[in-house]
Every structure is written in C-alpha cells, then in structure tokens.
Amino acid sequence: MAASPSDSTIRAQLEGAGVPYSIPESADFNQLLSNYSGNHQNRKPGIITVPETYQHVEAIVAACVAAKAEIVVRGGGHDIFGRSTVADAVTVDLRKLNSVTVSENHETAHVGGGATAEQVLEALASKGLQVPVGSCGTVGYAGWCLVGGLGPYIHSYGLGADQIVGAKVVNAEGKLVVADDKMLKGLRGGGANLGVVVELTVKAYPLQDVQAGMLMFDSTDLSKAVTTFLTNYEKLFGEGKNVPSQIYPMPFIFAVPGLGITLCCCVIWNGTATDESRAWVDDVGKLAPLMPGTPEPQTAITTMKALDFSRQLTAMLPPQMLGGRPQSASLTRLTPSAIAGLANVAANMPKSSTGGINMHVVREDCPSCSDNVPDSVCPYREAHIMIELLGVGPDEEIGKEAAEWSMAARNELMGLEEATKKTYIAVTSPECLDVESVYGEKLAELKKLKKEYDPHGFFKNALPRLVD
Ligand SMILES: Cc1cc2nc3c(=O)[nH]c(=O)nc-3n(C[C@H](O)[C@H](O)[C@H](O)COP(=O)(O)OP(=O)(O)OC[C@H]3O[C@@H](n4cnc5c(N)ncnc54)[C@H](O)[C@@H]3O)c2cc1C
C-alpha cells in the first residue's frame with residue numbers, strides 16, 4: 001500500500017517519535033526529493049522522513065509496517081536510475097545519519113548509513129586514516145559498499161563490500177539489531193535487502209599520500225586513439241602481468257568543452273612518490289600519443305590525499321545526470337575484438353552527449369579475487385572490466401539520441417564473446433538486469449537470507465530487487 005501524504009496515522013507516529021519529515025506541500029520537499037539522477041517530480045514519495053537518530057529509523061519502520069506503507073531508503077541519492085525515489089512511498093532519507101567515528105585501535109571506522117564518501121574521507125583524514133572509495137565523492141559510502149564497491153583503491157584494499165566488518169541495521173520489525181555473521185554475509189554485495197543499514201563498521205587504513213591526476217590523449221581520430229590506448233593498456237596491465245597494487249588507471253571518454261569527445265585517463269598511485277610510481281605514471285602516459293599542449297604525466301599527476309582527488313573528480317562530473325539512459329556492459333578481457341567493439345561504440349557516441357564511457361577494472365591482483373576474503377554474496381570476485389555507458393544529454397532530444405546510443409553500445413558489447421553476464425548491479429539498467437546471471441549460485445544464498453531477515457518482503461524497494 002502506498003503512503004498518502006495525508007496518512008494521519010503515519011504522520012502522528014512520526015510526530016510522536018520526534019522524526020523530522022516533509023510532505024509535498026512542505027517548503028523543503030523538492031530540495032529533499034532531488035538526487036543525482038534528477039528531481040523525480042513524476043514519482044514523488046508521500047512522505048520524506050529525515051531521521052537524526054537510529055531510534056528515529058526504528059520509529060519510521062515501525063509506523064510503516066503497522067500502516068502497511070511502502071518504504072524506500074535513500075543513502076547518498078546516487079543510484080543512477082533513481083531507485084531510491086519511489087512514488088507514494090515513505091522515504092527514509094539517511095543524509096543526517098552521517099557521523100564517522102573511529103574505533104579505539106584505529107583499525108575500523110563506524111560510518112553512518114547516509115555518510116558520503118567525501119564525508120568519510122574528511123572525518124578519517126583528521127584521525128590519520130583513510131578508506132577505499134569509488135570515483136565520486138558524493139556517492140553514499142554504505143550504498144557503494146553494499147553493491148560491491150569498485151574504485152581506484154581496490155587493488156590495495158579490496159572491494160567496498162570486503163571492507164564491511166560490522167553493521168547496525170533496523171530490521172523489518174522496526175528493531176535496531178547488530179548484524180550477526182550471517183547478516184554481514186548478505187550485506188557484502190547483496191545490496192540493501194535485509195533492512196535499513198544505519199551504520200557500517202569498515203576497515204580503516206593509515207592515511208597516506210596518493211599520486212593522482214588526469215592525462216588527455218590525442219583524440220583527433222577517436223577510434224584510433226581508443227584502439228592504441230587499450231591495446232597497449234592490455235599489454236601493460238592485462239592478465240598475468242606483474243602490476244603493483246598501488247596503481248590504478250581509470251580510462252574514460254567524454255565531451256571536453258571546446259575539444260569534443262576526448263579519451264582521458266585518471267591515474268592514481270596509492271602511496272608516496274617513488275621512482276617506481278613515477279615510472280608507472282610515465283608508462284600510462286605512453287599508452288597512446290598525448291593531446292598536444294596538455295601536461296606531461298609528471299606534471300599532470302601530483303601528490304595529494306585521497307580526499308583531494310575525490311573532490312577533483314566530483315568537480316569534473318555534472319552535478320546531476322539528467323535525460324537519457326545509462327547502460328553498462330562487462331567484459332572478461334580486452335581482446336582485440338573487445339577493443340574493436342569499444343573503439344566502435346566510442347566513435348558512435350553522439351557528439352553533444354553530456355555523458356560518456358567509463359571503465360572500471362578489477363584486476364586479478366585485487367585482494368577480493370583471492371581466497372582470503374570474508375564470507376559474502378558478492379559476485380564480483382573475478383578479474384573483469386566494467387564499462388559504464390552514460391547515454392545522457394542536456395535536453396530531451398539529445399538525451400533520446402544518447403539513450404539509443406547507450407542501448408546499442410550495450411548490446412554490441414554484451415554480444416561479444418568476451419562479455420560476462422555478471423554486470424554491475426548499480427549501473428545495469430533495470431530492463432537489462434538479470435539477477436540470476438549476476439549472482440549465479442550466490443542468488444539462492446541471498447534469497448535465503450532475505451527470507452530469514454525480511455520474511456514479508458517489506459524492504460522490497462532494494463537493490464537488487466528480489467521481491468515483486
Ligand atoms: C556519479 C557516480 C559515480 C559513481 N562511481 C562509482 C564508482 O566509482 N564505483 C562504484 O562501485 N560505484 C559507483 N557508482 C554507483 C554507486 O556506488 C551506487 O549507485 C550506489 O548504490 C549509490 O549509493 P547511494 O547511497 O549514493 O545511492 P542511493 O540512491 O541513495 O541508494 C542506492 C540503493 O541503495 C539503497 N541504500 C543506500 N544506502 C542504504 C542504507 N544505508 N541502508 C539501506 N539501503 C541503502 C537504496 O535504497 C537504493 O536501493 C557511481 C554512481 C554515480 C551516480
């Protein structure tokens with residue numbers, strides 16, 4: 001049943017428990033409604049609650065269970081398909097549950113369920129610590145960990161899911177519970193199917209310098225640039241190569257104002273500058289001819305902290321991704337035919353698209369691909385390449401063209417022999433998401449855990465969606 005804004009029973013309970021909330025008539029409703037994928041006027045929730053304590057979350061869940069109202073959780077609001085906004089539901093907006101504290105031994109951090117990656121990095125830096133994060137600093141840290149957690153630091157520390165060592169969850173009875181080992185297994189890669197994760201305890205690591213920045217490659221002939229870059233990339237970083245865990249090249253192709261569609265590559269070395277780091281940075285700069293007039297690798301890649309780099313990346317991204325339709329594909333290897341496919345989809349990208357192509361690579365040296373990993377349902381423990389096809393545009397017309405491109409690109413790449421059906425759930429469009437193929441034998445385990453912790457499917461608006 002949907003929550004009507006006039007649902008006086010729910011509102012009375014929220015007021016009784018002192019839970020701040022907003023309804024469509026409230027002055028702050030539209031601002032709360034807005035998230036990375038848009039303003040979602042066409043699927044307004046009935047009530048957006050903004051809990052400030054774990055007890056508030058208990059009260060919200062209890063009120064919704066009693067009223068049989070639909071519920072959805074919003075962490076950092078960066079689901080690219082806007083799945084944390086559901087028409088007529090009660091939103092549990094965790095943005096104020098963003099505290100970050102450190103355990104006594106400084107080996108773990110307690111992170112509020114709504115803290116963003118940047119908030120976590122900022123709080124930890126003051127304690128001399130850091131954690132792995134993804135590319136964009138405004139993504140919810142819990143939301144990132146729960147779906148797998150890819151990013152520049154995974155080869156040093158492992159996937160986001162493997163950082164989880166503890167959790168506090170408000171369950172389907174509206175009770176705050178400390179996750180047991182079984183529940184933790186379901187949280188690591190199972191999305192947020194088992195309840196509202198109000199706090200994660202994650203591994204923390206000593207703060208260190210990172211060497212980071214961006215290189216731009218001559219893209220006069222984009223197809224040639226992509227082919228040269230990826231062919232050399234595979235020679236340097238491909239299967240069986242001896243690659244230090246500190247290095248992470250993050251190639252992307254997008255429209256640079258004044259330059260057109262351009263092949264770029266962020267380079268991150270997680271550690272202090274050494275002769276070894278400088279040599280690897282130089283090697284990335286030699287993967288294809290650099291764009292004339294752009295800085296050489298040793299100038300472009302500079303010393304900073306993970307927080308600075310996260311802020312730089314966030315500033316490069318549009319503040320919202322509106323119009324069109326992102327898609328994604330996953331490949332096992334960059335063979336010549338996979339490279340030819342990628343060069344082709346890059347060359348076909350609409351010139352006025354505001355999106356682009358991003359590549360996230362999980363190499364075999366990622367600790368999450370070893371046997372020494374915590375128990376989980378995470379399906380991404382193999383070397384692979386995740387490709388985001390951001391078919392988005394500044395207006396409806398370009399957005400439509402961009403969406404057609406991203407779908408055609410997805411179909412072309414997923415038709416390759418090198419495609420893997422284990423696509424990344426966070427960026428696979430709902431119409432293309434095949435949960436059985438993604439999770440394989442882990443799906444039965446995840447469904448069993450779902451049945452145990454959420455027997456009536458109360459948390460159905462979860463990622464991945466397991467209940468109709
Ligand atoms: C610009 C951008 C860059 C990205 N970069 C990366 C990247 O580098 N690596 C990567 O792996 N992914 C990346 N992603 C994907 C991102 O990690 C996922 O979409 C993630 O789920 C977003 O989490 P969120 O909390 O911000 O989003 P939300 O939209 O708030 O939530 C996403 C889903 O998780 C649920 N959820 C979130 N928090 C909680 C919680 N505490 N308890 C219960 N349920 C919760 C929501 O209900 C929803 O189903 C990126 C996305 C964007 C838009």
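For the sequence shown, UniProt numbering begins at 1 and goes up steadily by one.
Built from N, CA and C at the ideal position, the CB exists for glycine as well.
Under the rule that 16 or more other beta-carbon atoms within 10 Å means buried, what is residue i, buried or exposed?
| i | result |
| --- | --- |
| Val178 | exposed |
| Ser84 | buried |
| Arg410 | buried |
| Ala444 | exposed |
| Ala66 | exposed |
| Asp79 | buried |
| Ala279 | exposed |
| Glu70 | buried |
| Ala27 | exposed |
| Pro318 | exposed |
| Asp275 | exposed |
| Ser310 | buried |
| Pro206 | exposed |
| Pro455 | exposed |
| Gly415 | exposed |
| Cys108 | Looking at the sequence itself, residue 108 is Thr, so the reference to Cys does not match. Looking at its Cβ environment, which holds 16 or more other Cβ atoms inside 10 Å, Thr108 is buried. |
Please name the residue in the options whose C-alpha comes closest to that of residue i.
| i | options | result |
| --- | --- | --- |
| Val361 | Met349, Pro374, Arg381 and Ala347 | Arg381 |
| Asn171 | Pro152, Ala62, Val133 and Thr108 | Ala62 |
| Val90 | Thr231, Phe254 and Phe458 | Phe458 |
| His384 | Val281, Pro20 and Lys422 | Lys422 |
| Pro45 | Pro152, Phe29 and Lys182 | Phe29 |
| Cys64 | Ile80, Ile47 and Asp79 | Ile47 |
| Tyr36 | Gln320, Met183 and Gly158 | Gln320 |
| Gly113 | Gly82, Glu107 and Gly77 | Gly77 |
| Glu431 | Phe254, Thr420, Gly166 and Pro464 | Pro464 |
| Leu121 | Lys241, Asp308 and Ile253 | Asp308 |
| Lys96 | Ser26, Tyr453, Lys305 and Arg74 | Arg74 |
| residue 473 | Gly189, Leu150, Asp7 and Val111 | The chain is shown from 1 up to 468; residue 473 falls before or after that span and cannot be answered. |
| residue 469 | Asp93, Ser8, Val86 and Val72 | Shown here, the chain extends from 1 to 468; a query on residue 469 therefore has no answer. |
| Asp7 | Gly323, Gln41 and Asp88 | Asp88 |
| Pro295 | Cys264, Val243, Met316 and Ser310 | Cys264 |
| Val165 | Leu150, Pro152, Lys182 and Glu173 | Lys182 |
| Asp283 | Asp371, Leu215, Gly195 and Glu239 | Leu215 |
| Glu418 | Asp375, Glu436, Cys378 and Ala329 | Ala329 |
| Ala167 | Tyr205, His110 and Val226 | His110 |
| Gln163 | Val131, Gly151 and Gly191 | Val131 |
| Val281 | Gln246, Val256, Leu259 and Gly260 | Gln246 |
| Gly240 | Lys448, Arg363, Cys378 and Ile398 | Arg363 |
| Glu104 | Gly134, His456, Ala402 and Lys203 | Lys203 |
| Gln208 | Gly324, Ser376 and Lys305 | Lys305 |
| Asp375 | Asp180, Pro244 and Val102 | Asp180 |
Answer with yes or no whether the minimum CB distance from residue i to chain B is below 8 Å.
| i | result |
| --- | --- |
| Arg188 | Among the chains in the structure shown there is no chain B, since it carries only a single protein chain. |
Excluding the five sequence neighbours on either side, which residues of its own chain have a C-beta within less than 8 Å of the C-beta of residue i, listed in chain order?
| i | result |
| --- | --- |
| Glu404 | Gly391 |
| Lys175 | Glu58 |
| Thr314 | Glu118, Cys136, Gly137 and Thr138 |
| Gly21 | Note on identity: in this sequence residue 21 is Tyr, with Gly being the wrong assignment. The residues are Arg11, Leu14, Ile47, Ile48, Thr49 and Val50. |
| Asn348 | Trp405, Ala408 and Ala409 |
| Phe229 | Phe217, Pro251, Leu263, Cys265, Leu287 and Ala288 |
| Pro5 | Bear in mind that the predicted position of Pro5 carries a pLDDT of just 46, short of 50, making it unreliable; the figure below should be weighed with that in mind. Closer than 8 Å at Cβ, skipping near neighbours: Ile23, Pro24, Glu25, Gly46 and Ile47. |
| Gly238 | Arg333 and Leu334 |
| Pro326 | Ile80, Phe81, Gly355, Glu388, Leu389, Leu390, Gly391, Val392, Ser406, Val427 and Ser429 |
| Val438 | Pro379, Lys421, Lys422, Thr423, Ile425, Thr428 and Pro464 |
Is any heavy atom in ligand 3 found nearer than 7 Å to the beta carbon of residue i?
| i | result |
| --- | --- |
| Asn35 | In the structure on display, ligand 3 does not appear, and the ligands it does have are ligand 1. |
Ignore the nearest five residues each way along the sequence and tell me which others in residue i's own chain have a CB closer than 6 Å to its CB.
| i | result |
| --- | --- |
| Ser277 | Gln211 and Trp269 |
| Lys460 | Val467 |
| Lys450 | Asn193 and Leu466 |
| Ser99 | Gly112 |
Which residues in the same chain have their Cβ closer than 7 Å to the Cβ of residue i, if we skip the five residues on either side of it in sequence?
| i | result |
| --- | --- |
| Glu234 | Leu334 |
| Ala343 | Ser223, Val226 and Thr227 |
| Glu377 | One detail in the question is off: residue 377 reads as Val in this sequence, not Glu. The residues are Lys185, Gly186, Arg188, Gly189, Gly190, Tyr439, Lys442, Glu445 and Leu446. |
Measure the beta-carbon distance from residue i to residue j and round it to whole angstroms, keeping in mind my assumption that it falls under 8 Å.
| i | j | result |
| --- | --- | --- |
| Ile387 | Leu331 | 7 Å |
| Ser429 | Ala346 | Actually they do not touch by this definition, with Cβ atoms about 20 Å apart. |
| Ile301 | Val267 | 5 Å |
| Ala402 | Gly191 | Wrong, their Cβ atoms sit about 27 Å apart, outside the cutoff. |
| Val133 | Gly148 | In fact, because the Cβ distance is near 13 Å, the residues do not count as touching under 8 Å. |
Do the stretch 134-149 and the stretch 207-222 touch if we need at least three Cβ pairs shorter than 8 Å? In short, these stretches do not touch, since the Cβ pair count stays below three.
Segment contact, 8 Å Cβ cut-off, at least three pairs: the stretch 11-21 with the stretch 44-57: Judged by Cβ distances under 8 Å, the stretch 11-21 makes contact with the stretch 44-57, as three or more pairs qualify.
Any contact between the stretch 190-205 and the stretch 281-297? By contact I mean 3 or more CB pairs, one from each, below 8 Å. No, the stretch 190-205 does not touch the stretch 281-297.
Is it true that the stretch 393-402 meets the stretch 348-361, where meeting means three or more beta-carbon pairs spaced less than 8 Å apart? The stretch 393-402, when compared against the stretch 348-361, does touch it at the 8 Å Cβ threshold.
Just checking, does the stretch 124-131 make contact with the stretch 322-340 on the three C-beta pairs under 8 Å criterion? No contact exists between the stretch 124-131 and the stretch 322-340.
So, does the stretch 151-163 touch the stretch 365-376, judging by three or more C-beta pairs under 8 Å? The stretch 151-163 is in contact with the stretch 365-376.
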